[in-house]
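Residue numbers (the working numbering): 10 to 154.
We put the beta carbon where it would ideally sit given N, CA and C, even for glycine.
Here the structure is a predicted model, which is why all the values come from computation and not from measurement.
A short worksheet on the structure shown next.
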């Protein structure tokens with residue numbers, strides 16, 4: 010199936026959203042001491058991996074090359090996480106950082122969904138799957154505040 014530029018950009022934005030979440034958890038996990046929140050982050054990591062797998066499969070089946078997250082953005086994310094956890098790696102701090110990132114992802118996906126009148130149904134479904142996952146994770150993380 011051939012997708013227009015709008016659908017390809019949306020699909021790549023969905024992919025990047027999930028990829029940033031995965032990268033954040035990966036950067037954060039080594040600094041986490043609390044076993045309960047560490048377990049939560051590992052479960053979230055698995056959820057994001059699964060959804061990235063679904064998105065990647067869809068992209069491959071439709072000849073769309075995934076665009077990686079900007080390396081500068083990755084470096085800024087990594088340094089921000091390292092700085093904040095060096096100062097305070099309590100479960101409250103970790104949960105707050107993850108909630109803030111998750112809410113940014115939710116906002117981005119919600120805006121995309123609200124503008125989705127030209128979005129392919131399958132891409133919209135992937136967007137909604139990720140949005141549902143992130144909303145669930147936001148609620149789960151609140152218990153650590």
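At the level of alpha carbons, what is the spacing between residue 149 and residue 88?
The C-alpha of residue 149 lies about 25 angstroms from the C-alpha of residue 88.
By how many angstroms is the C-alpha of residue 122 removed from the C-alpha of residue 7?
Nothing can be reported for residue 7, as the shown portion of the chain is limited to 10 through 154.
Would you kindly check if the distance between the Cβ of residue 103 and the Cβ of residue 147 is under 8 angstroms?
Not closer than 8 angstroms, so no.
Which ranges would you report for the alpha helix (DSSP H) in the segment 71-142 if only whole runs of at least 4 residues count?
As far as the segment 71-142 is concerned, its whole alpha helix (DSSP H) runs of at least 4 residues are 80-96, 100-123.
Coil, strand or helix - residue 31 by DSSP:
Here residue 31 sits in helix by DSSP.
With DSSP run on the structure shown, which of helix, strand or coil describes residue 152?
In the three-state DSSP reduction, residue 152 falls in the coil class, being neither helix nor strand.
Outcome for residue 126 when other beta-carbon atoms lying within 10 angstroms are tallied against a minimum of 16
Exposed, because fewer than 16 other Cβ atoms sit within 10 Å of the Cβ of residue 126.
Have a look at residue 20 and residue 66 and give me their C-alpha separation to the nearest angstrom.
Straight-line spacing of the CA atoms in residue 20 and residue 66 works out to 12 angstroms.
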